[in-house]
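Enquirer:
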Amino acid sequence: MSKRDYYDVLGVDKNAGEADIKKAYRKLALKYHPDKNPGDKEAEEKFKEAAEAYEVLSNPEKRQRYNQFGHAGMGGAAGGGFGGGMSMDDIFSQFGDIFGGHNPFESFFGGGGGGRRSARVNRGSNIRIKVSLTLQEIAEGVEKKIKVSKYVTCLSCKGTGAEGSGGFTTCNTCHGTGQVTRIANTILGQMQTTTTCPHCGGEGKTITNKCNTCFGDGIVKGEEVITLKIPAGVEEGMQLSVSGKGNAGPRGGIPGDLVVLIEEKEDPNLIRDGENVIHQTYVSFIDAALGTSIEVPTISGKAKIKIAAGTQSGKILRLKGKGLTSLNGYGKGDQLVEVNVYVPENLSSEEKSLLEKLRDSKNFKPDKKIDRKSFFDRMREKF
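This is the structure:
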């Protein structure tokens with residue numbers, strides 16, 4: 004089933020500002036929150052859908068990429084390799100950010116003062132890498148295995164940061180709730196504020212005996228081989244995100260993302276122009292005058308094209324469907340072949356003699372009506 008447009012999901016137009024997007028998400032998050040709709044799978048899916056839409060549209064970089072490339076730009080066309088959805092931990096963390104660091108349903112669903120904690124999420128940082136692709140790989144899409152150096156969860160303590168199961172003690176500041184409440188007297192009366200405990204970071208406990216491997220961080224340097232499924236039609240400078248494949252989060256936190264920057268390798272025979280590719284070839288003026296057939300390189304191999312008699316230098320021939328697949332999966336571009344007539348520089352006496360006999364022939368005099376537009380001017384007229 005195809006994904007809905009993120010703007011439609013939140014019910015905002017494409018020019019909506021940050022405040023409107025946040026307001027729309029807040030409304031949907033309250034409506035479909037799992038605590039408000041226990042056991043309702045449809046509501047849970049709508050909650051996740053709204054969170055995913057907000058996660059993209061609230062980020063200027065991701066929003067720009069989505070506006071330009073749609074879901075494919077977020078990795079939606081990568082067979083699950085990119086943008087692989089948000090976990091419920093991600094969503095609840097995001098939900099808490101929207102509501103000032105707390106869950107508005109806690110007071111109604113068993114939260115109270117000492118119930119469920121709103122712990123700070125120790126999110127791992129993103130990792131950025133570059134991947135260079137040939138035109139052939141861009142045309143067909145490609146799967147690549149990349150070894151990435153990153154922070155991974157410490158196996159000795161399983162990410163807790165503590166040595167053994169008894170390496171923790173209840174936080175003396177928040178007494179295990181992960182929150183501290185302050186009451187201030189104002190001219191309007193007493194004001195109560197609840198914030199994340201600064202001592203334990205919202206975890207409700209502190210480490211008394213740090214892990215000897217990670218020294219309390221819960222993460223260590225390591226590496227991982229990651230399979231990237233890159234969709235056909237990507238472009239130079241495009242960024243794709245692999246959710247959860249960045250650095251591991253400290254002490255059980257959620258991992259960051261792997262951000263992949265696409266680079267295009269220079270092709271010796273073809274030049275990319277959007278979804279089209281361009282090839283420049285040369286024929287002798289004899290072949291241009293009499294006509295011939297030649298082979299030209301394409302993305303998928305060799306192709307034979309016919310050079311009609313009387314072909315002028317700069318003539319553009321089109322090979323339909325020999326270009327690149329559109330990023331959205333609809334249609335393919337063409338290959339444009341510019342035919343240039345080669346004029347020899349060093350002639351033998353015999354060759355000069357033959358050409359001298361043709362010099363005064365009417366057919367060998369240039370036509371003043373010949374189109375002298377540039378290659379790109381002629382190419383633009385083709386569209």
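The sequence shown runs 4 to 386 under my numbering.
Heads up, the beta-carbon is just placed ideally off N, CA and C, and yes, glycines get one too.
If the criterion is Cβ atoms closer than 7 Å, does the pair Pro-300 and Asn-272 meet it?
Expert: yes
Enquirer: Between the stretch 289–297 and the stretch 262–272, do at least 3 Cβ pairs fall closer than 8 Å?
Expert: no
Enquirer: With distances taken Cα to Cα, identify the nearest neighbour of Ile-210 among Pro-41, Asn-175 and Tyr-345.
Expert: Asn-175
Enquirer: Taking Gln-139 as the reference, give the member of Gly-192, Tyr-57 and Pro-234 with the closest Cα.
Expert: Distance from the Cα of Gln-139 is smallest, within the candidate group Gly-192, Tyr-57 and Pro-234, for Pro-234.
Enquirer: Do you know how far the Cα of Gly-144 is from the Cα of Pro-258?
Expert: 27 Å
Enquirer: Relative to the C-alpha of Ser-296, which candidate in Lys-30, Ser-303, Ile-310 and Tyr-285 has its C-alpha closest?
Expert: Ile-310
Enquirer: Pick out whichever of Ala-22, Tyr-154 and Gly-164 has its Cα sitting closest to the Cα of Cys-217.
Expert: Gly-164
Enquirer: Should Tyr-35 and Lys-49 be called a contact, given that it needs their Cβ atoms to be closer than 7 Å?
Expert: yes
Enquirer: Taking the beta carbon of Ser-364 as the centre, do at least 16 other beta carbons fall within 10 Å, making it buried, or is it exposed?
Expert: exposed
Enquirer: Could you tell me which of Gly-207, Lys-6 and Gly-192 sits nearest to Thr-199, measuring between CA atoms?
Expert: In terms of CA proximity to Thr-199, Gly-207 leads the group Gly-207, Lys-6 and Gly-192.
Enquirer: Are the CB atoms of Gly-162 and Gly-249 nearer to each other than 7 Å?
Expert: It is not a contact, given that the beta carbons lie outside the stated cut-off.
Enquirer: Is it the case that the Cβ atoms of Tyr-333 and Ala-251 are separated by a distance below 7 Å?
Expert: Their beta carbons are not under 7 Å apart, which means Tyr-333 does not touch Ala-251 by this criterion.
Enquirer: With 16 as the cutoff for other CB atoms within 10 Å, does His-282 come out buried or exposed?
Expert: buried
Enquirer: Can you tell me whether Pro-369 is buried or exposed? The criterion is at least 16 other CB atoms within 10 Å of its CB, across all chains shown.
Expert: exposed
Enquirer: Nearest to Gly-181 by CA position, among Glu-166, Asn-188, Glu-58 and Thr-197, is which residue?
Expert: Thr-197
Enquirer: From what residue to what residue does the beta strand (DSSP E) around Val-286 run?
Expert: 279–287 is the span of the beta strand (DSSP E), which, as asked, contains Val-286.
Enquirer: Take Gly-169 as the anchor and find which of Lys-305, Asn-212 and Val-245 has the nearest alpha-carbon.
Expert: Asn-212
Enquirer: Is the separation between the beta-carbon of Leu-13 and that of Ala-54 shorter than 7 Å?
Expert: no
Enquirer: For Ser-121, does the count of other Cβ atoms within 10 angstroms reach 16, so buried, or fall short, so exposed?
Expert: Annotation note: pLDDT 46 at Ser-121 (below 50); position unreliable, coordinate value reported separately. Ser-121 is buried by the Cβ-count criterion.
Enquirer: Can you look up Asp-270 in the DSSP assignment and give me helix, strand or coil?
Expert: coil
Enquirer: Quick check on the burial criterion: 16 or more other C-beta atoms within 10 angstroms. Buried or exposed for Ser-403?
Expert: This structure cannot speak to residue 403, because the chain is shown only from 4 to 386.
Enquirer: For Asn-62, which residues of its own chain have a beta-carbon under 8 Å away from its beta-carbon, when the five flanking residues on both sides are left out?
Expert: So the list is empty, once near-sequence residues are dropped.
Enquirer: Assuming the contact rule is C-beta atoms closer than 8 Å, Asn-389 and Ser-316 should be a hit. Round their C-beta distance to whole Å, please.
Expert: Since the first residue shown for the chain is 4 and the last is 386, residue 389 is missing from the structure and cannot be characterised.
Enquirer: For Asn-366, which of helix, strand or coil comes out of DSSP?
Expert: helix
Enquirer: Tell me Lys-335's beta-bridge partners as DSSP assigns them.
Expert: Here Lys-335 is bridged, per DSSP, to Thr-328.
Enquirer: Measure from the alpha carbon of Gln-338 to the alpha carbon of each residue in Thr-314, Lys-360 and Lys-305, then state which is nearest.
Expert: Lys-305
Enquirer: On the DSSP bridge list, what partners appear for Val-145?
Expert: Ile-233
Enquirer: Excluding the 5 residues flanking Phe-367 on each side, which residues of the same chain have their C-beta closer than 8 Å to its C-beta?
Expert: Leu-361
Enquirer: Mind reading off the beta-carbon distance from Glu-226 to Ser-152? Whole number of angstroms is fine, and I expect it under 8 Å.
Expert: 5 Å
Enquirer: Could you pull out every residue in the same chain whose Cβ sits closer than 7 Å to the Cβ of Gly-256, ignoring the five residues on either side in sequence?
Expert: Cβ-Cβ distances below 7 Å link Gly-256 to Val-124, Asn-125, Arg-126 and Gly-127 in the same chain, with the five nearest sequence neighbours on each side left out; the list follows chain order.
Enquirer: Nearest to Arg-7 by CA position, among Asp-38, Cys-203, His-74 and Leu-320, is which residue?
Expert: Residue nearest to Arg-7 within the set Asp-38, Cys-203, His-74 and Leu-320 is His-74 (criterion: CA-CA distance).
Enquirer: Could you check whether Glu-52 and Pro-37 sit closer than 7 Å to each other, using their CB atoms as the reference points?
Expert: no
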